[in-house]
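Undergrad: Got a structure for you, questions after.
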Amino acid sequence: ARANIGVVGLAVMGSNLARNLASREGNTVAVFNRSRSKTDELLEAHPEAEFVASFSYEDFAASLSKPRTAIIMVKAGRPTDFVIDELVKVFEPGDIIVDGGNALFTDTIRREKAVRDTGINYVGMGVSGGEEGALLGPSIMPGGSDEAWATLGPILKSIAAIAEGEPCVTHVGHDGAGHFVKMVHNGIEYADMQLIAEAYDLIRHATGKTPAEIADVFAEWNRGELESYLIEITAEVLRQVDAETGKPLVDVILDQAGAKGTGAWTVQTALDLGVPVSGIAEATFARSLSSHPEQREVSRELPGPSGTDVLSGDDADAFIEQVRLALYASKIVAYSQGFDEIRAGAAQYDWKIDLGAVSKIFRGGCIIRAQFLNRIAEAYDAQPELPVLLTAPYFVEALGRAQDSWRTIVSLAAAGGIPAPAFSSSLAYYDGLRAERLPAALIQGQRDFFGAHTYRRIDKEGTFHTLWSGDRTEIEAEDTH
Ligand code: NBP
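No gaps in the numbering here: position 160 of the sequence shown is 210 in the UniProt record's numbering, and each next residue is one more.
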């Protein structure tokens, strides 16, 4: 038994994670893959790494010192269950099985329970940052028991991305907490990408600037409060010219966005929890809308507004600044909604999640890494139980600065017939939160009318029902909601 950590599954993510582990002082890494060829390729390509390779689960277990610790990096779903079953056969109580794949958190809860019954620790671990992150330092979101964290923590700290001197890993909470947070991270990523895409689209339509010119705008934005990985790569994508046609690459890419499902999970889970993540939902639906060419084809002739003037000079510059502010405000909403979902998930599943610590581990390694996350961390440090992130003083100030521009941009988008679903839904959410009175009172009246669902009053305790089909007097009722 020579290795202190093992990796099962040596496709792109697993082999990069294994290389990352092997490059850190003190680690000896056991590796195993179902088909031998991937193991052979890894050993051949990286002789410097001194892996301990095995070709059966038994030998893999024998190559690990106790407590045995293995990270599974295989295709999410049934393959993960299969590997867990095999490891449980060859591991012993006290050992640690870690799933670093993109598992649905409810699967992780189920697996953790089943594995725990054998005395083996099970850790569901979110890993963000793609291939490059896995190799150079990802953002890591482990769940699982405190006992597992004691062994695993130092190893993960050694391979995680570093942001402002701190490793981007924290013990998120028990069982499915890590995969839950990874899921919401991906949902926030969807919203952030959609907002950036809408900002680009608005600027292009309203000012007629070319993608290369808009790339300059994003590069400029990346020097300010919007500084982030996604803004940075947006500038690079917009600047790219297609070698074959000489056109901007963005103009030759088919406009149908793909998705692997984690955005949809975030929205489905939010619906179950009753948390309005409208920005993430709009971003997910925008991808769905884009991916129905047959519907879009027959819809092209639907009437739209008559043409609007193209802005230039100072007017264009002013418009771009308004878009920047609207983007920042909408982004605050999207992150606030995402963190709200994490808070609600923690309450539902009994996890103690430190939201400030979570925002800090998003600062490096992952796709949503951004300056902005420091502001979120500060907000939660100052007020750990903050009920709505966007009401933290810094964000209130930023939203106050942005809101006029935000309203103007959403109005112009509507008047110009330019779809901006994430911008406009974020603004509607903001105004919904602000509202003194919501028309929810009317909804309650309607519900009481057709279904005797009852309502509560602003001026006295109790539950009431109006006899709508009778003499329309009000009676006190059993609370049935
Ligand atoms: P894949 O998701 O493409 O999975 C391929 C690996 O799964 C291979 O090692 C394959 O072994 C193994 N495997 C399968 Br398929 N069925 C198996 C079984 N029944 N028993 C044992 N092994 C089995 O690999 P990936 O793209 O490296 O991703 C790994 C995990 O990391 C996934 O859960 C993914 O969602 C997650 N993730 C990916 C990214 C990313 O950017 N790609 C980011 C974050 C997380 P074989 O070689 O024998 O076929």
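Where a beta carbon is used, it is the ideal one built from N, C-alpha and C, also for glycine.
Predicted, not measured: the structure shown is a model, and the values here were computed from it.
#1: Three Cβ pairs or more, each shorter than 8 Å: is that satisfied between the region 255 to 272 and the region 283 to 295?
#2: Below 8 Å between beta carbons: does that hold for M175 and G203?
#3: In the structure shown, what three-state DSSP assignment does D508 receive?
#4: At 3 residues or longer, what runs of the beta strand (DSSP E) sit wholly inside the region 461 to 486?
#5: Distance, Cα to Cα, T523 vs A478?
#6: Name the DSSP bridge partner or partners of H515?
#7: Along the chain, where does the alpha helix (DSSP H) containing F268 start, and where does it finish?
#8: Can you tell me the Cα-Cα spacing of I403 and A126, whole angstroms?
#9: Ignore the nearest five residues each way along the sequence and tell me which others in A472's own chain have a CB closer than 8 Å to its CB.
#10: Whose C-beta lies closer than 6 Å to the C-beta of V133 among residues of the same chain, with five residues either side of it excluded?
#11: For A314, verify whether its CB is less than 7 Å away from any heavy atom of ligand 1.
#12: Beta carbon of A478: closer than 7 Å to some heavy atom of ligand 1?
#13: Can A126 be considered in contact with ligand 1, in the sense that its beta carbon sits closer than 7 Å to one or more heavy atoms?
#14: Out of curiosity, what's the CA-to-CA distance linking Q387 and V327?
#15: When you compare only the Cα positions, how much space is there between S73 and E486?
#16: Return yes when at least one heavy atom of ligand 1 lies under 7 Å from the C-beta of M123, else no.
#17: Can at least three beta-carbon pairs, one atom from the region 67 to 82 and one from the region 93 to 113, be found at a separation below 8 Å?
#18: Can the beta-carbon of Y378 be found less than 8 Å from the beta-carbon of E275?
#19: In chain order, what residues of the same chain have a beta carbon less than 8 Å from the beta carbon of G354, not counting five sequence neighbours either side?
#20: Less than 8 Å between the C-beta atoms of A53 and L114, yes or no?
#21: Comparing alpha-carbon positions, which option in D305, D390, I370 and A527 lies nearest L321?
#22: Comparing the CB of A61 with every heavy atom of ligand 1, is any distance shorter than 7 Å?
#23: Would you list the residues sitting across from P298 in a DSSP beta bridge?
#24: Check whether the Cβ of residue 609 sits closer than 7 Å to any heavy atom of ligand 1, and report yes or no.
#25: Taking the straight line between their C-alpha atoms, what separation do you get for I459 and I170?
#26: Ligand 1 and R84: does any heavy atom of the ligand fall closer than 7 Å to the residue's C-beta?
#27: Thinking Q421 and E277 are a contact (beta carbons under 8 Å), I'd like their distance in whole angstroms, please.
#28: Indicate the three-state DSSP secondary structure (helix, strand or coil) for I426 in the structure shown.
#29: Since I believe F412 is in contact with H221 (beta carbons under 8 Å), could you give me their beta-carbon distance rounded to a whole number of angstroms?
TA: Here's the rundown:
#1: yes
#2: no
#3: Checking the sequence, you will find Ile at residue 508 rather than Asp. Three-state DSSP puts I508 in coil, outside helix and strand.
#4: none
#5: If you take the alpha carbons of T523 and A478, they lie about 35 Å apart.
#6: I525
#7: P261 to W271
#8: Answer to the nearest angstrom: the Cα atoms are 24 Å apart.
#9: A241, Q244, L245, E248, G329, E332, A333, A336, S380 and A384
#10: V58, I122 and V124
#11: no
#12: no
#13: Yes.
#14: 5 Å
#15: Each residue's Cα considered, the two are about 57 Å apart.
#16: yes
#17: yes
#18: yes
#19: G467
#20: It is a contact, given that the beta carbons lie within the stated cut-off.
#21: With distances taken between Cα atoms, L321 lies closest to D390.
#22: Flag set: Cβ of A61 near ligand 1.
#23: Answer is V291, bridged to P298.
#24: Not covered by the structure: residue 609. The range shown for the chain is 51 to 531.
#25: Each residue's Cα considered, the two are about 55 Å apart.
#26: Yes; taking the cut-off as 7 Å, the Cβ of R84 has a heavy atom of ligand 1 nearer than that.
#27: 4 Å
#28: helix
#29: Contact doesn't hold; Cβ gap of about 15 Å is too wide.
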